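Working notes, structure below.
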Amino acid sequence: MKVEKVMVIGAGQMGGGIAQVFATAGYPVYLHDLKEEYIKKGTAVIQKNLARQVEKERMSQEQASGIMARIHPSTDLQNAKVVDLVVEAAIENMDIKSKLFAELDEIAPKHAILASNTSALPITEIAANTKRPEQVIGMHFMNPVPVMKLVEVIRGLATSDEVYETIETLSKDLDKVPVEVNDSPGFVSNRILMPMINEAIFTLYEGVASKEDIDSVMKLGMNHPMGPLTLADFIGLDTCLYIMEALHEGFGDDKYRPCPLLRKYVKAGWLGKKSGRGFYCYE
Ligand code: CAA
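Using this note's numbering, the first residue of the sequence shown is number 585, and each one after it goes up by one.
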């Protein structure tokens, strides 16, 4: 199956990055969100990213303008009528995703693939809201999307081989490296990454070391580009908590219990970089 037109749902950090990557690879993209102001915010970030590329002489101004011209703002889900692929990157809430996928199933053409960028929700359950579960798949990009090479391609219970292969080929066309993963709590990325971050938070909570020193151990000792607490702030502490809860519930194993300090920070509204304060303070 050939994908020519795409809709990305959610103009936030992930959705904006996904739209940028599709438009850079030459695909016309609807960038859909509930309000125009969200889309404006998302496209401003894309514009800034592209301006940096132009400044560094990695792309011409014409190329950057061409990429922006391929991104079409949308606040009407009916635009999904003309696309071959929808990549949903909305809020991580099963009720919202269920409703969205049921609506998309009614609107999108029969052949269209419905993908979710969820970081932890079961693809099989999302697919069950549609009459085309064989055409529902996980397409999990990493943050920052324009920089990170990986796409976890997650097969739901009913995902067809043809749909898997289409998304695998498409991911390569986006200059990404696809990895095949079966539907399981946290997939591969967050099953491994989040318990490490949670353990770093326990280490801080128990007073074993300062936040800076915990981060230094992992940066200088393990060559991680960011320490785990800096990374948690970057991902968003609400997202980290939500993923730990999905692992805890999905496996029913207390080894995945979220650290109380993580819960406390989220309750305080200290969500990391996006809220100006998490383990660290941001301007
Ligand atoms: N958007 C677009 N580009 C960005 C960016 C952003 N938010 N942040 C950095 N970049 C670009 C910079 O422009 C720079 O590009 P050039 O080399 O072309 O100039 C490049 O990335 C490197 O940036 P910096 O030199 O400023 O900083 P750095 O070398 O420290 O790299 C980083 C920044 C790429 C974010 C690096 O710190 C890193 O890899 N961190 C770990 C990121 C990570 O683990 N991501 C996965 C999170 S988990 C996830 O996403 C899944 C989930 O479900 C939770």
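Ideal Cβ placement from N, Cα and C applies to all residues, glycine included.
Computed from a prediction, not measured in an experiment: that's the story for all the values here.
Which of helix, strand or coil does DSSP assign to Y614? strand
Using 8 angstroms as the cut-off, can you tell me whether the region 843–850 makes contact with the region 796–813, which would need three or more C-beta pairs spanning the two stretches below that distance? no
Can you say whether V613 is buried or exposed, counting buried as having 16 or more other CB atoms within 10 angstroms of its CB? Flag for V613 reads buried.
What's the gap between the Cα of E874 and the Cα of D745? With the chain covering only 585 through 867, there is no way to say anything about residue 874.
Between the beta-carbon of M585 and the beta-carbon of T743, is there less than 8 angstroms? no
Which listed residue (A712, F818 and S768) has its alpha carbon closest to that of G834: S768
So for E746, helix, strand or coil by DSSP? helix
What residue from Y748, N713, Y611 and N782 has the CA that sits closest to I655's CA? Y611
Consider the C-beta atom of L815 and the heavy atoms of the ligand CAA; say whether any pair is separated by less than 7 angstroms. Proximity of the beta carbon of L815 to the ligand CAA is indicated: a heavy atom of the ligand is located closer than 7 angstroms.
Rounded to the nearest angstrom, what separates I593 and T714 at their Cα positions? 17 angstroms
What does the alpha-carbon distance come out to for the pair L661 and Q647? 28 angstroms
What residues are listed by DSSP as bridge partners for A699? A699 is bridged to V671 and I721.
Where do the N-terminal and C-terminal ends of the alpha helix (DSSP H) with V629 fall, by residue? E620 to E639
Just to check, is the beta-carbon of P706 closer than 7 angstroms to a non-hydrogen atom of the ligand CAA? no
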